[in-house]
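Data block below; observations after.
Residue numbers (this note's numbering): 4 to 154.
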């Protein structure tokens, strides 16, 4: 039995509104310290460490926006999915240049694929989102491809 409808499939290719952020040396240093980085270029704020973009382009949730497990409720576009339990399925990041203090970056998240498979314990729905990050000149800084799984 197919779980995804034409309405679900129509959401493929839709993007959330772009979000623009300015990167400060302090932001980089705070993240580097919080993630226990060892390299001086990160600790001094010269360059952002890997995974710095994680949630950088997401809204800061209010307490009411948090699920019981403490994670933010999904703000992904498209119709609700018929399977409620969500899991991370993997992340691939391609970096084209380092992120540095003073960068003004714009991130746009797009649903690039949505499909279902039958797993050992039942149906699974895979959501593939791509985050494209460009600098103030429109040059590509990185892409992040994230797969989520609903079951």
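Positions of the beta carbon are idealized from the N, C-alpha and C atoms, including for glycine.
None of these values were measured; they are calculated from a predicted model.
Euclidean distance between Cα positions of residue 100 and residue 36: 22 Å
Three or more C-beta pairs below 8 Å linking the segment 63-70 and the segment 106-116: Touching, no, given that fewer than three Cβ pairs across the two stretches are closer than 8 Å.
Cβ-Cβ distance between residue 50 and residue 44 below 7 Å: yes
Proximal residues to residue 125 (C-beta, below 8 Å), its chain only, five neighbours per side dropped: 154
Pairwise C-alpha distance: residue 30 and residue 132: 25 Å
Under 7 Å between C-beta atoms of residue 85 and residue 6: yes
Segment limits, alpha helix (DSSP H) that includes residue 34: 28-37
Per DSSP, cross-strand counterpart(s) of residue 143: 137
Distance, residue 28 Cα to residue 117 Cα: The alpha-carbon atoms of residue 117 and residue 28 are separated by roughly 37 Å.
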